[in-house]
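Structure first, then comments.
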Amino acid sequence: GLGLKIDQADVGRAGFVRCLPNGCIAEVVLDDNLVKQLRSGQVATFIIFQTPEEGIGFPMSLKGFGEGYDKLP
26 GLGLKIDQAD VGRAGFVRCL PNGCIAEVVL DDNLVKQLRS GQVATFIIFQ
76 TPEEGIGFPM SLKGFGEGYD KLP
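All residue numbers for the sequence shown refer to the numbering used here, where the first residue is 26 and numbers rise by one.
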């Protein structure tokens with residue numbers, strides 16, 4: 026599955042809904058609360074779980090997230 030932390034705060038997990046030869050897909054609802062957390066955060070860490078207990082985290086800067094999100098149609 027996939028997990029998300031924003032500035033070390035656990036936001037949640039989502040299971041993979043489909044896996045293909047080139048990767049797996051997880052679906053998450055981007056609600057107003059999550060957008061608010063992403064706007065105010067500094068770093069989002071996406072965690073790919075190999076098992077329910079063990080995962081590998083990929084940190085990403087959230088600098089510019091709000092400005093980019095506002096430009097979406």
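Glycine included, C-beta positions come from ideal geometry on N, C-alpha and C. Just so you know, these numbers come straight off a predicted model, no measurement behind them.
Does DSSP classify residue i as helix, strand or coil?
| i | result |
| --- | --- |
| L59 | helix |
| G93 | helix |
Taking DSSP's pairing of strands, which residues face residue i in a bridge?
| i | result |
| --- | --- |
| G82 | I72 |
| D35 | K30 |
| G48 | L45 |
Taking all protein chains shown into account, do 16 or more other C-beta atoms lie within 10 angstroms of the C-beta of residue i, making it buried, or fewer, making it exposed?
| i | result |
| --- | --- |
| G66 | buried |
| L107 | Residue 107 lies beyond the residue range present for the chain, which begins at 26 and ends at 98; the question has no answer from this structure. |
| L45 | exposed |
Distance, Cα to Cα, residue i vs residue j?
| i | j | result |
| --- | --- | --- |
| I27 | P84 | Residue 27 is actually Leu in this sequence, not Ile. For L27 and P84, the distance between alpha carbons rounds to 13 angstroms. |
| E78 | L59 | 24 angstroms |
| V36 | K30 | 5 angstroms |
| G89 | D95 | 10 angstroms |
| P98 | E92 | 13 angstroms |
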